[in-house]
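Colleague: Right, I'll just put the structure down here and ask away after.
Below is the structure:
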């Protein structure tokens, strides 16, 4: 929900308007609070005012209120929410999962941990680091020249037993505890789900600046539900292992260049592993073995994340743990799903799915009710930014 600012703007109500977002339904994209919420500048002459695209933010009238949400369903589509993801199609019997891009849809990921903002950074109690990790100001180095790959595989096989980690174990870094659907808000605070019931994230990964030296290979252990996967990036290729079985080995174009810093984004997203380098999607792989159905977010098992290097050193800066928005079947939507949208109807959701009144509760909106598109957070100054979608 948003409340109109009293401060007049040039051509207010005709071209631009400003609103204070008063609820947390769009966090972390837009901070919501009755008095301290983000001041959002809205474009009322947007060319696509009555025909927004998927994932666009829109401002619309609902009953006597002005509301901001994100468009996820378009006219004449069938839509459902399953396994925390969105599924669409022309027929109810043939829906497909919407797969977002790690490079183009970056504004739809939440940050759970940030080396630059989380207390303690790399030396917080959220990470266990082994003796081969060298720390410098604002960065760490995973010294991998002495790492034995067979030791990394052996340790991964023991992941279910969760042995006490100590500084002699081969994996350089292990994130301690569960990565949840909580998020760091615009003021640097970690906000967990309502009621303190931490829910494990399913679609999550890492983002940061990585530099591989010499013949360095980056190892990632990602535990999905009860299954640990090992992903190895380096030498111009990527390999994915599960239960000592090589699932795929493919060239990585462009290759992970040594001695060059790369913007690295890796995560499990909408049913597949994917990687973006320097803002471009370069690789994805969908494990056929994974087909969970009707998972309950509150009952979802834990997860784990470990990092290592072999063959050479890896320098890491600005590391973040990120996760996708996890959409829930709340409100009346469980009895509607799947739903067929009619002409000029749009299905809208809040980014903070657990705490949002949206189309799951009041149904699709009419295109004629859309009054504008949020352009930017204009205030507070510390939160100033333009919206991507």
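Residue numbers (my numbering): 9 to 397. Cβ atoms here follow ideal geometry from the backbone N, Cα and C, with glycine treated the same way. Note that the structure is a prediction, hence the values are computed from the model and not measured.
I believe residue 192 touches residue 119 by the beta-carbon criterion, under 8 angstroms. Please report the beta-carbon distance rounded to the nearest angstrom.
Modeller: Your numbering for residue 192 matches position 184 in the chain shown. Your numbering for residue 119 matches position 111 in the chain shown. Confirmed, Cβ separation roughly 5 angstroms.
Colleague: I'd like the span of the alpha helix (DSSP H) that includes residue 158, first residue to last.
Modeller: Start at 1 with the first residue of the chain shown, and residue 158 comes out as number 150. Run containing residue 158: 157 to 165, per the alpha helix (DSSP H) assignment.
Colleague: DSSP three-state label for residue 362, please.
Modeller: For this step, residue 362 is matched to residue 354 along the chain shown. DSSP places residue 362 in helix when its eight states are reduced to three.
Colleague: Taking the C-alpha atoms as reference points, what is the distance between residue 52 and residue 382?
Modeller: In the chain shown, the residue the question calls residue 52 occupies position 44. In the chain shown, the residue the question calls residue 382 occupies position 374. Their Cα atoms are separated by approximately 9 angstroms.
Colleague: At what residues does the beta strand (DSSP E) containing residue 318 begin and finish?
Modeller: On the chain shown, position 310 is the one that residue 318 refers to. Element bounds for residue 318: 312 to 318.
Colleague: Can you tell which of 236, 251, 256, 146 has the C-alpha that lies nearest to the C-alpha of residue 245?
Modeller: The sequence position of residue 245 within the chain shown is 237, counting from 1. The residue with the shortest Cα to Cα distance from residue 245 is 256.
Colleague: Taking only three categories from DSSP, how would you classify residue 181?
Modeller: Locating residue 181 in the chain shown gives position 173, where the first residue counts as 1. Correct three-state label for residue 181: strand.
Colleague: Restricting to Cα atoms, I'd like to know which of 199, 196, 186, 151 is closest to residue 178.
Modeller: Here the question's residue 178 lines up with position 170 in the chain shown. Comparing Cα-Cα distances from residue 178 to each of 199, 196, 186, 151, the minimum goes to 151.
Colleague: Curious, which full-length beta strand (DSSP E) runs of at least 3 residues does the segment 226 to 268 contain?
Modeller: With a minimum length of 3 residues, the continuous beta strand (DSSP E) runs that stay inside the segment 226 to 268 are 235 to 242, 245 to 250, 253 to 259.
Colleague: Kindly indicate which residue of 325, 110, 129 has the alpha-carbon position closest to the one of residue 285.
Modeller: Mapped onto the chain shown, residue 285 falls at position 277. That would be 110, whose Cα lies nearest to the Cα of residue 285.
Colleague: Which residues in the same chain have their Cβ closer than 8 angstroms to the Cβ of residue 265, if we skip the five residues on either side of it in sequence?
Modeller: Numbered from 1 along the chain shown, position 257 holds the residue referred to as residue 265. If we look at residue 265 and ignore the five residues flanking it on each side, its Cβ neighbours are 220.
Colleague: DSSP state of residue 110, grouped into three classes?
Modeller: As a first step, residue 110 must be located in the chain shown, where it is residue number 102. Of the three classes helix, strand and coil, the one that applies to residue 110 here is coil, per DSSP.
Colleague: Tell me whether residue 102 sits in a helix, a strand or coil according to DSSP, three-state version.
Modeller: On the chain shown, position 94 is the one that residue 102 refers to. It is coil, neither helix nor strand.
Colleague: Rank 132, 289, 312, 355 by C-alpha distance to the C-alpha of residue 95 and give the top, closest one.
Modeller: Locating residue 95 in the chain shown gives position 87, where the first residue counts as 1. If we check each option's Cα against that of residue 95, 355 comes out closest.
Colleague: Give the C-beta separation of residue 377 and residue 180 to the nearest angstrom, bearing in mind that I take them to be a contact with Cβ-Cβ under 8 angstroms.
Modeller: Here residue 377 refers to the residue found at position 369 of the chain shown. Here residue 180 refers to the residue found at position 172 of the chain shown. Contact flag wrong, Cβ pair sits at about 52 angstroms.
Colleague: From residue 114 to residue 393, what distance separates their C-alpha atoms?
Modeller: Taking the first residue of the chain shown as position 1, residue 114 is located at position 106. Taking the first residue of the chain shown as position 1, residue 393 is located at position 385. Their Cα atoms are separated by approximately 14 angstroms.
Colleague: Is it the case that the segment 184 to 199 contacts the segment 146 to 162, given that we only count it when at least three CB pairs across the two stretches are under 8 angstroms?
Modeller: These segments do not touch.
Colleague: For residue 289, which of helix, strand or coil comes out of DSSP?
Modeller: Start at 1 with the first residue of the chain shown, and residue 289 comes out as number 281. The answer is strand: DSSP assigns residue 289 an E or B state.
Colleague: Is it buried or exposed for residue 142, if we count other Cβ within 10 angstroms and need 16 for buried?
Modeller: Residue numbering aside, residue 142 sits at position 134 when the chain shown is read from its first letter. The residue in question, residue 142, is exposed, as its Cβ has fewer than 16 Cβ neighbours within 10 Å.
Colleague: Determine contact between the segment 77 to 86 and the segment 331 to 351, defined as no fewer than three beta-carbon pairs at a distance below 8 angstroms.
Modeller: Output reads yes: the segment 331 to 351 touches the segment 77 to 86.
Colleague: Decide yes or no for the touch test of the segment 322 to 339 against the segment 269 to 278: beta carbon pairs closer than 8 angstroms, at least 3 of them.
Modeller: Short answer: they touch.
Colleague: Can you check whether the CB of residue 235 is closer than 8 angstroms to the CB of residue 209?
Modeller: Here residue 209 is taken as the residue at index 201 of the chain shown, counted from 1. Here residue 235 is taken as the residue at index 227 of the chain shown, counted from 1. Going by C-beta atoms, residue 209 is not nearer than 8 angstroms to residue 235.
Colleague: Determine whether the beta carbon atoms of residue 66 and residue 34 lie at a separation below 8 angstroms.
Modeller: Along the chain shown, read from residue 1 onward, the residue named residue 66 stands at position 58. Along the chain shown, read from residue 1 onward, the residue named residue 34 stands at position 26. Not a contact, by the Cβ cut-off of 8 angstroms.
Colleague: Taking the alpha helix (DSSP H) that residue 369 belongs to, which residues open and close that run?
Modeller: As a working note, residue 369 is residue 361 in the chain shown. Residue 369 -> alpha helix (DSSP H) spans 367 to 370.
Colleague: Residue 387 to residue 364, Cα distance in whole Å?
Modeller: Here the question's residue 387 lines up with position 379 in the chain shown. Here the question's residue 364 lines up with position 356 in the chain shown. So the two alpha carbons sit approximately 22 angstroms from each other.
Colleague: In whole angstroms, what is the alpha-carbon distance linking residue 362 and residue 311?
Modeller: What you label residue 362 is simply residue 354 of the chain shown in a count that begins at 1. What you label residue 311 is simply residue 303 of the chain shown in a count that begins at 1. So the two alpha carbons sit approximately 20 angstroms from each other.
Colleague: Measuring only the C-alpha atoms, how far is residue 87 from residue 100?
Modeller: The residue labelled residue 87 in the question sits at position 79 within the chain shown. The residue labelled residue 100 in the question sits at position 92 within the chain shown. Computed Cα separation, rounded: 8 angstroms.
Colleague: Might you give, ordered along the chain, the residues of its own chain that have their beta carbon closer than 7 angstroms to the beta carbon of residue 289, omitting 5 neighbours on each side?
Modeller: For this step, residue 289 is matched to residue 281 along the chain shown. Hits under 7 angstroms: 109, 110, 111, 282.
Colleague: Quick one: is residue 253 buried, meaning 16 or more other Cβ sit within 10 Å of its Cβ, or exposed?
Modeller: For the purposes of this step, residue 253 is taken as residue 245 along the chain shown, with counting starting at 1. Exposed, since its Cβ has fewer than 16 Cβ neighbours within 10 Å.
Colleague: From what residue to what residue does the beta strand (DSSP E) around residue 189 run?
Modeller: Taking the chain shown and counting its residues from 1, the one referred to as residue 189 is at position 181. Element bounds for residue 189: n/a, residue is neither H nor E.
Colleague: Give me the residue from 166, 374, 259, 287 with the minimum Cα distance to residue 270.
Modeller: As a first step, residue 270 must be located in the chain shown, where it is residue number 262. Looking at the Cα atoms, 287 is the closest of the given residues.
Colleague: DSSP beta-bridge partners for residue 91?
Modeller: Looking up residue 91 in the chain shown gives position 83. For residue 91, which the question treats as bridged, DSSP gives no partner whatsoever.
Colleague: Quick check: the Cα distance between residue 251 and residue 165, rounded to an integer number of angstroms?
Modeller: Walking along the chain shown from the start, residue 251 turns up at place 243. Walking along the chain shown from the start, residue 165 turns up at place 157. C-alpha separation (whole angstroms): 7 angstroms.
Colleague: At the level of alpha carbons, what is the spacing between residue 228 and residue 325?
Modeller: In the chain shown, residue 228 corresponds to position 220, counting from 1. In the chain shown, residue 325 corresponds to position 317, counting from 1. When rounded, the distance between both Cα atoms is 16 angstroms.
Colleague: Thinking C-beta only, is residue 46 closer than 8 angstroms to residue 385?
Modeller: Numbered from its first residue, the chain shown carries residue 385 at position 377. Numbered from its first residue, the chain shown carries residue 46 at position 38. In this structure, residue 46 lies closer than 8 angstroms to residue 385 by Cβ.
Colleague: In three-state terms, what does DSSP make of residue 381?
Modeller: Taking the first residue of the chain shown as position 1, residue 381 is located at position 373. Strand.
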